[in-house]
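Going down the list, the protein sequences come from chains Y and Z. Position one of the first sequence corresponds to residue 1 (UniProt numbering), numbered consecutively onward. Position one of the second sequence corresponds to residue 1 (UniProt numbering), numbered consecutively onward. Backbone N, C-alpha and C fix where the C-beta goes; we use that ideal spot for every residue, glycine too. Source: prediction; values computed, not measured.
There are 2 protein chains.
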Amino acid sequence: MKIGILGTGIVGNTIANKLVQRNHEVKMGSRTPKNEKAIQWVAAAGSNASHGTFKDAAEFGEVIFNCTKGDISVDALRLAGSIALTGKILIDLANPLDFSNGMPPSLFISNTDSLGEAIQREFPETSVVKTLNTMNCNLMVDSSLVKGDHDVFISGNDAAAKATVAKILSEDFGWKNILDLGDITGARSTEMLLPIWLRLYGKFGNSNFNFHITK
Amino acid sequence: MKIGILGTGIVGNTIANKLVQRNHEVKMGSRTPKNEKAIQWVAAAGSNASHGTFKDAAEFGEVIFNCTKGDISVDALRLAGSIALTGKILIDLANPLDFSNGMPPSLFISNTDSLGEAIQREFPETSVVKTLNTMNCNLMVDSSLVKGDHDVFISGNDAAAKATVAKILSEDFGWKNILDLGDITGARSTEMLLPIWLRLYGKFGNSNFNFHITK
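Dropping the structure here:
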């Protein structure tokens, strides 16, 4: 599958590396056409890897991962452009973290709205699927890093898009427990898991944990 | 142990019944000295059960459970009075649910504050311990209702108070996994679990589930 990655940070790199390993064709996009980190990534990742602008990556991908930080996600997606994003599946794994008042961060959107919803409103012709935002990026792409049952949540308005994303989650990232929370307003509920995630991260001193809903 | 219960609703009744069964002396408090539901509860619950005002229950208990709805909790505690609450352990299991815009409720405090913190600020001489607010009340008092590993979170500024509460959770309510989130600001992170809890409740059609942190 042709996949666009928006963002050249550790999350973008981790997702992109895994997808290339899984034989997907991956284009990493950034603000500029000659981003140093994207060039380095392509050099290391091999022939299925390419890079370009946010717009190039959005045009390239059937599925696009938003791996930008939450506070610049809407800007980055505007640079990609609504035309390039029309009809595409956008996997949003960003969180609306506000570090302006120090640590721990609070959320700059929450409770009655979410970043996932804000993105869906801004790009109504794109199928936004919120998932993977409740864990460290190494765990995102390899569910076996945590032993025992644990879950990934998925929210979005387009059932077919969610099915495509669930296939990537299970076949490429090894996820067994994919919990569908319904429409994109479910993003509120998973973005609001970040405060307890951050607290547990502080307590445990590492990110090798995840949420499980026990029934 | 002498325990005060603030609130005569289903949560107060469920907690009070369990504590009486466990041979604690329990006084159920409400706004008025002759609350019909409190009188009925005492008639059914036997010789270890009594009732009175919020103030009577707060004076009676070494430990006090706030089982009032979140939107009236601070008012109810003011009626109990800071003198009656001084030096006491207050177990806060309420949630700041705002039903004013219909279902699902949002939170009337969240993100940078919490109901648990608001109560602690209002009653600085009381040891507020936030716990049990992330589940249905039947599960609160009987952790075996959900099979498999699942957790109860606990937050508070007073380590000795948390130890006393943890003893009640384990010995009276059967909790094995008690996850200490640190000081009372942890209440933010557990109150913010309500949106996903409510969403899962809608999805599953019942409340026989709970959170587990898998490591």
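Query                                                                                                                                                                                : Result
Does any residue of chain Z bring its CB to less than 8 Å from the CB of serine 189/Y?                                                                                               : yes
Residues in its own chain within less than 7 Å of serine 189/Z by CB, not counting five upstream and five downstream?                                                                : Leu181
Under the DSSP definition of a beta bridge, which residues are partnered with glutamate 25/Y?                                                                                        : Lys2/Y
For phenylalanine 153/Z, does the three-state DSSP call read helix, strand or coil?                                                                                                  : strand
Just the C-alpha distance for arginine 199/Y and isoleucine 39/Z, rounded to the nearest angstrom, thanks.                                                                           : 42 Å
Say whether chain Y places a C-beta atom closer than 8 Å to the C-beta of proline 195/Z.                                                                                             : yes
Check whether the region 120-135 of chain Z and the region 131-142 of chain Y touch, using three or more Cβ-Cβ pairs below 8 Å as the test.                                          : no
Taking all protein chains shown into account, do 16 or more other C-beta atoms lie within 10 angstroms of the C-beta of lysine 176/Y, making it buried, or fewer, making it exposed? : exposed
State the Cα-Cα distance for the pair lysine 69/Z and leucine 107/Y, rounded to the nearest angstrom.                                                                                : 25 Å
Name the residues in the region 123-151 of chain Z whose C-beta lies less than 7 Å from a C-beta of chain Y; which are they?                                                         : Val146, Gly148, Asp149, His150
Just by C-beta distance, which residues in the region 102-115 of chain Z are closer than 7 Å to chain Y?                                                                             : Ser106, Leu107, Ser110, Asn111, Thr112
What does leucine 79/Z touch in chain Y if you count any residue whose Cβ is under 8 Å from its own?                                                                                 : What leucine 79/Z touches in chain Y: nothing, since even the nearest Cβ is about 28 Å away.
Spatial neighbours of leucine 169/Y within its chain, please: C-beta separation below 8 Å, excluding the five flanking residues on both sides.                                       : Thr131, Leu132, Val152, Ile154, Trp175, Ile178
Please confirm whether glycine 29/Y has its beta-carbon closer than 8 Å to some beta-carbon of chain Z.                                                                              : no
Can you tell me which residues form a DSSP beta bridge with residue 218/Y?                                                                                                           : Here chain Y has residues from 1 to 215 only, and residue 218/Y is not among them.
Taking Cβ positions only, does phenylalanine 65/Z come closer than 8 Å to chain Y?                                                                                                   : no
To the nearest angstrom, how far is the alpha carbon of proline 33/Y from that of isoleucine 184/Y?                                                                                  : 32 Å
Roughly how many angstroms lie between the CA atoms of isoleucine 91/Z and valine 74/Z, to the nearest whole one?                                                                    : 13 Å
CB-CB under 6 Å to isoleucine 3/Z, same chain, minus the five flanking residues each way: which ones, in chain order?                                                                : Leu19, His24, Val26, Gly61, Val63
Exposed or buried, which one is leucine 171/Z when buried takes at least 16 other CB atoms within 10 Å?                                                                              : According to the sequence displayed, residue 171/Z carries glutamate and not leucine. That one is exposed.
Which residues, taken in chain order from the region 161-187 of chain Z, show a beta carbon closer than 9 Å to some beta carbon of chain Y?                                          : Leu179, Asp180, Leu181, Gly182, Thr185, Gly186
Can you tell which of Asn157/Y, Asn208/Y, Gly202/Y, Leu115/Y has the C-alpha that lies nearest to the C-alpha of asparagine 66/Y?                                                    : Leu115/Y
Exposed or buried, what is proline 96/Y when buried is set at 16 or more other beta-carbons lying within 10 Å of its beta-carbon?                                                    : buried
Take the Cβ of threonine 86/Y as the centre, count every other Cβ of all protein chains shown within 10 Å, and call the residue buried at 16 or more, exposed below.                 : exposed
Going by CA-CA distance only, name the one from Gly46/Z, Asn111/Z, Ser47/Z, Gln120/Z that's closest to proline 195/Z.                                                                : Asn111/Z
Can you list, in chain order, the residues of its chain with a C-beta nearer than 6 Å to that of histidine 150/Y? Leave out the 5 residues immediately preceding and following it.   : Asn210, His212
When the cut-off is 8 Å and only beta carbons count, does phenylalanine 99/Z lie next to chain Y?                                                                                    : no
Taking 8 Å as the CB-CB cut-off, is leucine 93/Z touching chain Y?                                                                                                                   : no
Are there 16 or more other CB atoms within 10 angstroms of the CB of glutamate 36/Y, so buried, or fewer, so exposed?                                                                : exposed
Any beta-carbon of chain Z closer than 8 Å to the one on asparagine 210/Y?                                                                                                           : yes
Can you round the beta-carbon distance between leucine 6/Z and alanine 76/Z to whole angstroms, since I take them to be within the 8 Å contact cut?                                  : 6 Å
Using the three-state DSSP reduction, which class does isoleucine 119/Y fall into: helix, strand or coil?                                                                            : helix
Using only the alpha-carbon positions, how far apart do glycine 81/Z and lysine 55/Z sit?                                                                                            : 6 Å
In the DSSP assignment, what are the bridge partners of aspartate 180/Y?                                                                                                             : Ile154/Y
For isoleucine 109/Z, report the span of its alpha helix (DSSP H) as first-last.                                                                                                     : No alpha helix (DSSP H) holds isoleucine 109/Z; DSSP gives it neither H nor E.
With a Cβ-Cβ cutoff of 8 Å, do isoleucine 10/Y and valine 141/Y count as a contact?                                                                                                  : no
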